[in-house]
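Student: Residue numbers (the working numbering), protein chains in the order written: chain A, 4 to 337; chain B, 4 to 337.
I'd like to ask you about the structure that follows.
Number of protein chains: 2
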Amino acid sequence: MATIKDVAALAGVSLGTASRVLSGSSQTSPDSRARVTAAAEQLNYIANGPARSLRRSRTDVLGLLVSDIRNPFFSELAHAAEREAQRRGYTVLLANADEDAAQEAAYLRTFASQRIDGLLIAPQGSDLTQLRSMRDSGLPLVFVDRSVDGIDVPTISTDNDEGVRSALTWLHGRGHREVAFVGGPPAVSTGSERRTAFLRIRDELGLSADPRLIAHGDFRTESGVEAMRAVLASGARPTAVLSADGLMTLGVGRALREESARQLGVVEIVSFDDLDWFSLVSPPISAVRNDATAIGRLGVAALVDVIEGRPAASHRVATSFVDRSAEAAAGAGA
Amino acid sequence: MATIKDVAALAGVSLGTASRVLSGSSQTSPDSRARVTAAAEQLNYIANGPARSLRRSRTDVLGLLVSDIRNPFFSELAHAAEREAQRRGYTVLLANADEDAAQEAAYLRTFASQRIDGLLIAPQGSDLTQLRSMRDSGLPLVFVDRSVDGIDVPTISTDNDEGVRSALTWLHGRGHREVAFVGGPPAVSTGSERRTAFLRIRDELGLSADPRLIAHGDFRTESGVEAMRAVLASGARPTAVLSADGLMTLGVGRALREESARQLGVVEIVSFDDLDWFSLVSPPISAVRNDATAIGRLGVAALVDVIEGRPAASHRVATSFVDRSAEAAAGAGA
Numbered sequence: 004m005a006t007i008k009d010v011a012a013l014a015g016v017s018l019g020t021a022s023r024v025l026s027g028s029s030q031t032s033p034d035s036r037a038r039v040t041a042a043a044e045q046l047n048y049i050a051n052g053p054a055r056s057l058r059r060s061r062t063d064v065l066g067l068l069v070s071d072i073r074n075p076f077f078s079e080l081a082h083a084a085e086r087e088a089q090r091r092g093y094t095v096l097l098a099n100a101d102e103d104a105a106q107e108a109a110y111l112r113t114f115a116s117q118r119i120d121g122l123l124i125a126p127q128g129s130d131l132t133q134l135r136s137m138r139d140s141g142l143p144l145v146f147v148d149r150s151v152d153g154i155d156v157p158t159i160s161t162d163n164d165e166g167v168r169s170a171l172t173w174l175h176g177r178g179h180r181e182v183a184f185v186g187g188p189p190a191v192s193t194g195s196e197r198r199t200a201f202l203r204i205r206d207e208l209g210l211s212a213d214p215r216l217i218a219h220g221d222f223r224t225e226s227g228v229e230a231m232r233a234v235l236a237s238g239a240r241p242t243a244v245l246s247a248d249g250l251m252t253l254g255v256g257r258a259l260r261e262e263s264a265r266q267l268g269v270v271e272i273v274s275f276d277d278l279d280w281f282s283l284v285s286p287p288i289s290a291v292r293n294d295a296t297a298i299g300r301l302g303v304a305a306l307v308d309v310i311e312g313r314p315a316a317s318h319r320v321a322t323s324f325v326d327r328s329a330e331a332a333a334g335a336g337a
Numbered sequence: 004m005a006t007i008k009d010v011a012a013l014a015g016v017s018l019g020t021a022s023r024v025l026s027g028s029s030q031t032s033p034d035s036r037a038r039v040t041a042a043a044e045q046l047n048y049i050a051n052g053p054a055r056s057l058r059r060s061r062t063d064v065l066g067l068l069v070s071d072i073r074n075p076f077f078s079e080l081a082h083a084a085e086r087e088a089q090r091r092g093y094t095v096l097l098a099n100a101d102e103d104a105a106q107e108a109a110y111l112r113t114f115a116s117q118r119i120d121g122l123l124i125a126p127q128g129s130d131l132t133q134l135r136s137m138r139d140s141g142l143p144l145v146f147v148d149r150s151v152d153g154i155d156v157p158t159i160s161t162d163n164d165e166g167v168r169s170a171l172t173w174l175h176g177r178g179h180r181e182v183a184f185v186g187g188p189p190a191v192s193t194g195s196e197r198r199t200a201f202l203r204i205r206d207e208l209g210l211s212a213d214p215r216l217i218a219h220g221d222f223r224t225e226s227g228v229e230a231m232r233a234v235l236a237s238g239a240r241p242t243a244v245l246s247a248d249g250l251m252t253l254g255v256g257r258a259l260r261e262e263s264a265r266q267l268g269v270v271e272i273v274s275f276d277d278l279d280w281f282s283l284v285s286p287p288i289s290a291v292r293n294d295a296t297a298i299g300r301l302g303v304a305a306l307v308d309v310i311e312g313r314p315a316a317s318h319r320v321a322t323s324f325v326d327r328s329a330e331a332a333a334g335a336g337a
């Protein structure tokens, strides 16, 4: 791991200057701040390094770095994490990676410079070096919702396989064979696991393997609009669509509505993530309930175990399926 | 190093005036602001005083304490604040008061113990002592969305009066006279301002003054369900309802749907706060667009001004009205 000496050497400044910049002192010039910051980024230097864990006193503050604070799944997870933390005598400071690896890296540096006892993170999947240095610096670390290969820390995630299976089995039972899939980014663990599950279970159930039925977004609304438009424009004729998260489901609904007011009812939507407003749409949207509350709560429990020196295990949280087809029939006159 | 006394002496103003100017208070004259700012620059005075600069070095980290992270208004505000902060070289650590004064107090203590350069807060309205002591400690402070009487810091908020007026005028134009109001908590500035505006504009427009049409919640979903149920159970017969925030609008929709599938279409809903999914409901919900993005962005701009020693002013952000009645007609067959 890079030391402060490496940073000073690369930046071409004295050790004292590097130290002042990295500890946030205002007694530094803009030029040396820029050079030291660039060198620290290039070397993936984590502020204060291993010495930090020796020096650090407990603050009872946890960090939580979520992927997208505007995604209701993560704001629910954050809320649950905070309640569990409070119950255990901790407070939680939140940061938002905004589905962006560079922003994730910036917040990892911010948390490294703050006084936190441990960090919960839903990793973007592309910044192994920095995550490794944080773990190696002795900062307690737990993954929530997402994981990355090659970093072995306790991970609290969803049973993506079970969730996709429940959705496809339900659609199959309702007679659907042409089922579109609006997936998440394959580089993110949840995107990749849901896609793999879709392909395997689709084949098990004998659903159409038409490749034009599959498109991918980035777990955000606008990408759901675009993915659904792409499927409709491809010439495929889906009778149903499974969207891999709640925000993309909103986008899918918009794309179907814009295509034709009637499409919203004709193509049946199923969502991975159940959102509050799904029962108010006509017809209501059935969904895989992805238990953000349990993930947030268990994530904090695991992190506090690590902080307080107890063993912590990874855990897959069960999903459940919310079938709103009866509500659709009841509300048909609305 | 220059003290605030030196600045006051050079500017020829009292210590109190110098302090008010340097902490971004609006209770100062343009003349004294110009003199104090010039004196501070001449003396190279570090914003917020010697005690602070000894105790705390710059970290380029801002704190943002929102009222409810699960409320889309605040997650949008947080997202915008973070983007603006990033543009200016800062990162943002978020905390969630969860509409709870005790939790707000806990997070004020957390932020006080962390290394932040300044704090944006949407105050709950009941913890003046702690907010005052944070301000008096020299921590740059800016209010967003909400304010509290008796603490004078720059405040970026919504034009609640204009928003309520646009909603009631629109409902009046569509022939509604029995308009229910599901308000927020009167102890919170936004709750109180929207209620006051409702009562005054209702009377101006000659809408029904039946007191049974009015109920209050706490800006969260479940309270919207309960408030709407209370109005319906009172014997009042509203043809429309104005809900004072987006989450309560969800609750209002649920209560109308549970009362009778048909009520959702019969009682016209208008929402203060426009949410992403309103266009997918049948009929679509028209709304006052409460510009969380502008509030978050201007809040960070004002806070950075205070941190960097420039004067910062309070600002009311304009609302706009999103009329979805045409979509309702177009989507009637969906």
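Just so you know, even glycine gets a beta-carbon here, dropped at the ideal spot from N, CA and C.
Suppose contacts are defined by Cβ-Cβ distances below 7 Å. Is ALA291(A) in contact with GLY166(A) by that definition?
Tutor: Before going further, note that residue 291(A) is Val rather than Ala in the sequence given. Against a cut-off of 7 Å, the Cβ pair of GLY166(A) and VAL291(A) comes out as a contact.
Student: Name, please, each residue of chain B whose Cβ falls closer than 8 Å to the Cβ of ILE217(A).
Tutor: Those do not exist, as ILE217(A) stays about 24 Å from chain B at its closest Cβ, beyond 8 Å.
Student: With 16 as the cutoff for other CB atoms within 10 Å, does VAL39(A) come out buried or exposed?
Tutor: Buried is the call here.
Student: Check the DSSP bridge columns for VAL95(A) and list the partner residues they point to.
Tutor: Looking at the DSSP assignment, VAL95(A) forms a beta bridge with LEU65(A).
Student: Are ASN293(B) and THR161(B) close, meaning C-beta to C-beta below 7 Å?
Tutor: In this structure, THR161(B) lies closer than 7 Å to ASN293(B) by Cβ.
Student: Please specify which runs of the alpha helix (DSSP H), each continuous and at least 4 residues long, are wholly inside the stretch 82 to 152 of chain B, giving them in chain order.
Tutor: Here the runs fully enclosed are 104 to 116, 131 to 139.
Student: Between PHE146(A) and ASP308(A), what straight-line distance do the alpha-carbon atoms span, to the nearest angstrom?
Tutor: In a straight line, the C-alpha of PHE146(A) is about 14 Å away from that of ASP308(A).
Student: On the DSSP bridge assignment, give the partners of SER323(A) in chain order.
Tutor: SER323(A) pairs with ARG292(A).
Student: Below 8 Å, how does it come out for the stretch 7 to 27 of chain B and the stretch 317 to 325 of chain A: are there three or more Cβ pairs, yes or no?
Tutor: Contact fails: fewer than three Cβ-Cβ distances are below 8 Å.
Student: Can you pull the chain A neighbours of VAL64(B), defined as C-beta to C-beta under 9 Å?
Tutor: Within 9 Å Cβ-Cβ: GLY27, THR113, SER116, GLN117.
Student: Specify the secondary structure class of ALA21(B) as computed by DSSP and reduced to three states.
Tutor: Three-state DSSP puts ALA21(B) in a helix.
Student: Out of LEU210(B), HIS175(B), SER211(B), ARG168(B), point me to the one whose CA is closest to GLU196(B)'s CA.
Tutor: Ranking LEU210(B), HIS175(B), SER211(B), ARG168(B) by Cα distance to GLU196(B) puts ARG168(B) first.
Student: My understanding is that GLU102(A) touches SER70(A), with C-beta atoms under 8 Å, so please give their C-beta distance in whole angstroms.
Tutor: Sure, about 6 Å apart at Cβ, within 8 Å.
Student: Would you please verify whether the beta carbon of THR296(A) is less than 7 Å from any beta carbon of chain B?
Tutor: Closer than 7 Å: no.
Student: Here's the rule I'm using: 16 or more other beta-carbon atoms within 10 Å means buried, otherwise exposed. How should ALA329(A) be labelled?
Tutor: It is exposed - the Cβ of ALA329(A) has fewer than 16 other Cβ atoms within 10 Å.
Student: So, with DSSP's three-state summary, where would you put ALA329(B)?
Tutor: Helix at ALA329(B).
Student: Let's test the definition: count the other Cβ atoms within 10 Å of the Cβ of SER323(B) and tell me whether it reaches 16, buried, or not, exposed.
Tutor: SER323(B) is exposed by the Cβ-count criterion.
Student: Is HIS340(B) close to chain A, meaning its C-beta is less than 7 Å from at least one C-beta of that chain?
Tutor: The shown model of chain B, from 4 to 337, leaves out residue 340(B), and the question about it has no answer.
Student: Quick one: which residues of the stretch 64 to 79 of chain A get their C-beta closer than 7 Å to a C-beta of chain B? List them in chain order.
Tutor: Cβ contacts with chain B come from VAL64, ILE72, ARG73, SER78, GLU79.
Student: How long is the line joining the alpha carbons of VAL269(B) and ALA200(A), rounded to whole angstroms?
Tutor: Roughly 43 Å between the two C-alpha positions.
Student: Taking 7 Å as the CB-CB limit, is ASP221(B) close to chain A?
Tutor: No, no contact with chain A.
Student: Quick one: grab the DSSP three-state call for VAL284(A).
Tutor: Note: VAL284(A) maps to strand in three-state DSSP.
Student: Does SER195(A) have its Cβ less than 7 Å from a Cβ in chain B?
Tutor: Cβ-Cβ to chain B under 7 Å: no for SER195(A).
Student: Let me see if you follow: with CB-CB separation under 7 Å, is VAL273(A) close to chain B or not?
Tutor: Answer no: the Cβ-Cβ gap between VAL273(A) and chain B never drops below 7 Å.
Student: Exposed or buried, what is GLY15(A) when buried is set at 16 or more other beta-carbons lying within 10 Å of its beta-carbon?
Tutor: By the neighbour-count rule (16 or more Cβ atoms within 10 Å), GLY15(A) is not buried but exposed.
Student: Just to confirm, is the Cβ distance from LEU80(B) to GLY249(B) under 7 Å?
Tutor: Going by C-beta atoms, LEU80(B) is not nearer than 7 Å to GLY249(B).
Student: Looking at the secondary structure, which residues open and close the beta strand (DSSP E) in which GLY186(A) lies?
Tutor: 182 to 186 is the extent of the beta strand (DSSP E) around GLY186(A).
Student: Can VAL151(A) and GLY178(A) be called in contact, C-beta distance under 7 Å?
Tutor: The answer is no: Cβ separation not under 7 Å.
Student: Whose Cβ in chain B lies nearer than 9 Å to the Cβ of THR199(A)?
Tutor: The contacting residues do not exist; THR199(A) stays about 29 Å from chain B at best.
Student: Taking only runs of the alpha helix (DSSP H) that begin and end inside the stretch 218 to 255 of chain B, which ones reach a length of at least 4 residues, in chain order?
Tutor: Within the stretch 218 to 255 of chain B, the complete alpha helix (DSSP H) runs of at least 4 residues are 224 to 236.
Student: Indicate whether at least one CB of chain A lies closer than 7 Å to the CB of SER226(B).
Tutor: By this cut-off, SER226(B) is not an interface position.
Student: Would you check if the distance between the CB atom of LEU235(B) and the CB atom of GLU262(B) is smaller than 7 Å?
Tutor: Taking 7 Å as the Cβ cut-off, LEU235(B) and GLU262(B) qualify as a contacting pair.
Student: Starting from VAL1(B), trace the beta strand (DSSP E) both ways and give me its first and last residue.
Tutor: Because chain B in this structure spans residues 4 to 337, residue 1(B) falls outside the shown range and cannot be described.
Student: I'd like to confirm the pairing. Which residues does DSSP put opposite VAL273(A) in its beta bridges?
Tutor: BP columns for VAL273(A) point to LEU245(A), SER289(A).
Student: Taking Cβ positions, are VAL182(A) and ALA243(A) nearer each other than 7 Å?
Tutor: Yes, these two residues count as a Cβ contact at 7 Å.
Student: Run the proximity test for SER22(B): is its beta-carbon closer than 6 Å to any non-hydrogen atom belonging to the ligand NAP?
Tutor: You won't find the ligand NAP in this model; it holds no ligand whatsoever.
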